[in-house]
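Chains as they are written, first to last, in this note's numbering: chain A, 125 to 328; chain B, 19 to 538.
What follows is the structure, given as structure tokens:
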């Protein structure tokens, strides 16, 4: 009974704005990641760094598939047309729940911020270049307001945003590079292709 | 015996005599009904709530002939004439139509204004230069009103009230300058539209005609009845009316002009004025039970052309918070070359308010509204920049999906896997018809690359840094189609190649190699 009362008191304080909303985590759909860090921060920022072809998109689309399977919307923001939606669908992403936004370079950061703040999306994935620390802070505030998770796909080795979780991807292998509140490190196996989707046909 | 030489007077033609302003008044006795499309022969009355009862405010000539009159109760009118059509009086709509009527006559004379609820006044002293005579001007005005579906009585005099008095009683005359008193003398005092108290006072004194009022002493009129008495006394005596005061034509109810005392140099000041104007626009739209689907703001700059910004609302609304946010989002990326010296708000597209209450609290909640977000993004980024993907039946990889309009609500999530029911597929097994591996990222258009090919297999990727070996390659996968198209279709040999970074998708077509995507 006292626990229930404490919980209610905490919620009331939260509504009244005396304490910040507790940070939660949502399942990413990737067993290894959920077991290691508990899931994706929500609200929060996640950064996936890796060059083209390293497997970062495949990792992120797996998280998007889990998100759409929960009935939540996912937004994909890119300046240059790149995402191939049929492949995303084959990985389990529900296309009716996927919104693709292709802003020009000047409005890209604004578009990401609007999507985060709207609260309509469980996940906002972007490949937009971050134009400075202010953009990252604005995205963080917008994610907090809309209770959304931003995933930034970047090829830069250096951190681009104040991410709570940072994953480095290289040649099909991943590594948790940074994690807020706990020691970083640890290999992170990337989700393997389904056999029928393996570009190598299942061969080594 | 001769006296001092007499001055010589030269008699000038009438048109050359310097006169004061000349006023033309067009009285439209049935404007309230004609604007709604009712004709004079139809039995129609307009009613409005007055003195705690529905009363007649306008009658068609046929209804008047049948014994109905302005001021009677609607129930009484129905009792007298059961077949009469009783329609509600739309005061706001009538005002808007009156403004449009003024605009329609502006090409004839730029000095025009509404005079009361059923008349127009034009100052035509300069018009005779173009049209020849005041009678010709009157004929043109009458004809133009006739084209617009209105019957009008037109009169011209030195004073607008004098011309109006003549037009109201149906005397379509061009009263010469200085002869107004003679023209009005025999008319009853009611034509001057005195106030109730003034009319009662004149009746008490036994005054019935305009001529009797004109014979009173001006000082005593001023002492007894003040400004109203003085004004009507001048009309009765045929004295010239006041000089034309240019009055701005009121804006339609879907527009709001925001005046600024000093130029606005920063966005916050512009946004504040915008919010104030949107509140006024909301009230004007609410009076007509309208909502705005598209709202536009014109920023008038101190120098240079005006800037026009337009925004579309996901759901038509008149909520100033919602419309203000849409306009501010549109204004944010703009660079203003000069300070703002005026704003004009315009509900560019309006729709009837269906009365549906979409949100209990008309404010932005933390969860946001999907349609509003999509509309805002589309408005700022363009309709082509925000979309959902729909698979398409095509062999060419870049055509296997098309952008489509965004669904208002997502379909319910389903975890069920599609089952294969085709008997051939079941018999042959799903292996050959299973989805082929496709890259997660597809380049558009494909990037030309240089590959070293040995016996038809790519073995190295040639870049500026040198030759990067291809560790393994799988293919070819032959894709072709579209031969019926004007371009002749495509015929490609696709390979999955492993380069130092990862797995890429390349193809050969017409002897050239292209990088099409990444298995990222």
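Backbone N, C-alpha and C define an ideal beta-carbon position, used for all residues, glycine too.
Owing to the predicted nature of the structure, the values given are computational and were not obtained by experimental measurement.
For residue 100/B, the closest C-alpha among the options 86/B, 111/B, 109/B is that of 86/B. Of the candidates 173/B, 367/B, 204/B, 173/B places its Cα closest to the Cα of residue 142/B. The beta carbon of residue 254/B is closer than 6 Å to those of 228, 231, 232 in its chain, skipping five residues each way along the sequence. Restricting attention to 192/A, 284/A, 278/A, the CA atom closest to the CA of residue 176/A is found in 278/A. Here residue 326/B carries a strand assignment [DSSP, helix/strand/coil].
One thing to note: residue 533/B has its Cβ within 8 Å of the Cβ of residue 461/B.
Residue-level contact by beta carbon fails for residue 285/B and chain A, as no gap is shorter than 8 Å. Identification of chain A residues near residue 42/B by a Cβ-Cβ cut-off of 9 Å yields none; the smallest Cβ-Cβ distance measures about 56 Å. Using a Cβ-Cβ cut-off of 9 Å, residue 255/A is close to nothing in chain B; its nearest Cβ partner there is about 14 Å away. Cβ proximity to chain A below 9 Å picks out 390, 391, 392, 394, 395, 398, 399, 400, 402, 403 from the segment 389 to 403 of chain B. Against residue 424/B, the close residues of chain A are 223, in the order they occur along the chain (beta-carbon pairs closer than 9 Å). For residue 76/B and residue 313/B, the gap between their C-alpha atoms comes out near 35 Å.
The closest CA to that of residue 403/B, considering only 164/A, 280/A, 227/A, 254/A, is found on 227/A.
In the DSSP annotation of this structure, the continuous segment of the alpha helix (DSSP H) that includes residue 200/B starts and ends at 198 to 202. Neighbourhood of residue 532/B in chain A, by CB distance below 9 Å: empty, with the nearest CB roughly 15 Å away. Neighbours of residue 517/B in chain A, taken as residues at a C-beta separation under 9 Å, are given in chain order as 177. When only Cα atoms are considered, residue 242/A and residue 331/B end up about 16 Å apart. At least one CB atom of chain B sits nearer than 8 Å to the CB of residue 211/A. Here DSSP, grouped into helix, strand and coil, assigns residue 49/B to helix. Here residue 537/B carries a coil assignment [DSSP, helix/strand/coil]. The criterion of a C-beta distance shorter than 8 Å is satisfied by residue 538/B and residue 182/A. Using beta-carbon distances, residue 250/A does not count as an interface residue toward chain B, since no partner is under 8 Å. Chain-order list of chain B residues neighbouring residue 207/A: 407, 458, 459, 460, by C-beta distance under 9 Å. For residue 191/A, there are no neighbours in chain B by C-beta distance under 7 Å, as the nearest C-beta there is about 10 Å away. In this structure residue 140/B is in contact with residue 159/B, their Cβ atoms being roughly 7 Å apart against a cut-off of 8 Å.
Taken in chain order, the members of the segment 349 to 371 of chain B whose beta-carbon sits within less than 9 Å of a beta-carbon on chain A are 350, 351. Spanning the alpha carbons of residue 325/B and residue 318/B requires a straight line of approximately 7 Å.
Each residue's CA atom was taken as its position, placing residue 409/B and residue 420/B some 6 Å apart. Close CB contacts of residue 520/B within its chain, under the 7 Å cut and outside five residues either way in sequence, are with 536, 537, 538 (chain order). What residue 181/A touches in chain B, judged by beta-carbon distance under 8 Å, is 458, 459, 536, 538, going in chain order. Fully enclosed beta strand (DSSP E) runs of no fewer than 3 residues occupy 273 to 278, 289 to 294 of the segment 268 to 302 of chain A, in order along the chain. As computed with DSSP, residue 508/B is found in a beta bridge with 499/B.
Here residue 170/B carries a coil assignment [DSSP, helix/strand/coil]. For residue 250/A, the beta-bridge partners assigned by DSSP are 201/A, 276/A.
For the C-beta of residue 335/B, not a single chain A residue is nearer than 7 Å; the gap to the nearest is close to 17 Å. By the rule that beta-carbons nearer than 8 Å mark a contact, residue 522/B touches chain A.
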